[in-house]
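In the numbering used here, the protein residues as written are 2 to 323.
C-beta atoms are modelled at their ideal positions from N, C-alpha and C, and glycine is treated no differently.
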Ligand SMILES: Nc1nc2c(ncn2[C@@H]2O[C@H](COP(=O)(O)OP(=O)(O)O)[C@@H](O)[C@H]2O)c(=O)[nH]1
Ligand SMILES: [Mg+2]
């Protein structure tokens, strides 16, 4: 193994991750999460090994049962022999412990399973925020040959909608007694669902939640167009693994539908486009920061003041020189 002073041997890490080495996977995610100087090497080494995983996002209010459902889904997918990644993402927390600690405890039953990779991420430290770090972490899990990657986001808000939009299939969970439908509708979270899960179906009011949901969906939105995917409503009791196989079936069905209608490629391409754009704009912004107070800018300013050129021409020249 050739590990130079700059750090680790990226190619070796990627090759070990592909073989399912959990420590290599963890190390790679740390590299992308901490915006390491080797981020580019890692991204380049991962690129040829991606495109296999189906990314499934789970979102919904705190307490609705996302973690319990995630754990139950892991069990179901493992029974089917799938390799599974789990990313628990907390956009509002500066710590990757805290709110997610409970989830880790819940995930304990999968801790010794070498076909499951579990990781939590919080917003601490990332230069471009979680929306920049999560796609990279997803690529690591993809390269580690996960068939499915479950992304659980904590809370309901704009940040969660953003993270959820990184998924191929987005599951929105609701539960009775949480005043949840309205909150989710306000946050725009209902619009992003490919599958609805009414969890805690063992409790009173689950039928009402499903009815309210069906009513809200009947009012229109992107799903009402001809030929559009109709998001199913699945009832579950996640604590008893009830209905979980129906969720798995709904995920499979959505994937098949996306492939049949060429939607999967288009969704992934539009996500990649947004990512490239964000990276490019970030890069340009950084270069502009270097321009501020520079000799070139000073010279251009002098020429504008002297009437030798106009500010538009000067700005154009500056952009060209970047
Ligand atoms: N009665 C009932 N309780 C559930 C069900 N699913 C989860 N819970 C409980 O609801 C609480 C919150 O669950 P959790 O998975 O942590 O929710 P999260 O915040 O969305 O991740 C926990 O006490 C779970 O045991 C369910 O189907 N029925
Ligand atoms: Mg949770």
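Boundaries (first-last residue) of the alpha helix (DSSP H) holding residue 275: That run of the alpha helix (DSSP H) goes 264-292.
If we call anything under 8 Å between Cβ atoms a contact, is residue 71 one with residue 151? yes
In whole angstroms, what is the alpha-carbon distance linking residue 259 and residue 28? 33 Å
Quick one: what's got a C-beta closer than 8 Å to residue 79's C-beta in the same chain, skipping five residues either side? 85, 111, 114, 116, 117
With DSSP as the reference, label residue 86 as helix, strand or coil. Residue state, collapsed to three classes: strand.
Please tell me whether residue 162 and residue 131 are closer than 8 Å, where the distance is taken between their beta carbons. no
Taking Cβ to Cβ, would you say residue 168 is nearer than 8 Å to residue 56? Yes, Cβ-Cβ distance for residue 168 and residue 56 is below 8 Å.
Would you say residue 61 touches ligand 1, meaning its beta carbon is less than 7 Å from a heavy atom? yes
Unbroken alpha helix (DSSP H) runs of length 4 or more, entirely within the segment 227-266: which are they? 245-261
Check this for me: beta carbons of residue 30 and residue 120, under 8 Å apart or not? yes
Starting from residue 30 and walking both ways along the alpha helix (DSSP H), at which residues does that stretch end? 23-34
Near ligand 1: residue 68 beta-carbon under 7 Å from a heavy atom: yes
Measuring alpha carbon to alpha carbon, tell me which residue in 133, 229, 18 is nearest residue 34. 133
Cβ-heavy atom distance, residue 318 to ligand 1, below 7 Å: Residue 318 Cβ: outside cutoff for every heavy atom of ligand 1.
Are the beta-carbon atoms of residue 299 and residue 164 separated by less than 8 Å? no
Does the Cβ of residue 38 have 16 or more other Cβ atoms within 10 Å, making it buried, or fewer, making it exposed? It counts as exposed.
Taking DSSP as the reference, what is the three-state secondary structure of residue 155? coil
How is residue 56 classed by DSSP in three states: helix, strand or coil? strand
Assigned exposure category for residue 126 - 16 Cβ within 10 Å defines buried: Reliability fails at residue 126, whose pLDDT of 49 lies under 50, so the model's placement of it is uncertain and no value is given.
Please tell me whether, using a cut-off of 7 Å, the distance from the CB of residue 153 to the nearest non-hydrogen atom of ligand 2 is below it. Within the cutoff, so yes.
Same chain, Cβ closer than 6 Å to residue 247, five either side skipped, listed in chain order: 235
Look up residue 13 in the DSSP assignment and say whether it is helix, strand or coil. The three-state secondary structure of residue 13, taken from DSSP, is helix.
What are the partner residues of residue 150, as DSSP defines its beta bridges? Under the DSSP definition of a beta bridge, residue 150 partners with 56, 86.
What residue does the beta strand (DSSP E) around residue 172 start on, and which one ends it? Taken as a continuous stretch (DSSP letters only), the beta strand (DSSP E) holding residue 172 covers 170-175.
Looking at the structure shown, is residue 99 part of a helix, part of a strand, or coil, going by DSSP? For residue 99, the predicted structure reports a pLDDT of 43, less than 50, and the residue's modelled location is therefore unreliable. A value from the coordinates is still provided. Helix.
Nearest-angstrom Cα distance between residue 153 and residue 308? 58 Å
Among 64, 177, 224, nearest to residue 155 - alpha-carbon criterion: 64
Euclidean distance between Cα positions of residue 45 and residue 51: 11 Å
Chain B within 8 Å of residue 205, Cβ atoms only: Here chain B cannot be found, since the structure has a single protein chain.
What is the DSSP secondary structure of residue 108, reduced to helix, strand or coil? helix
Is DSSP giving residue 91 helix, strand or coil here? strand
Reducing DSSP to helix, strand and coil, say where residue 178 ends up. coil
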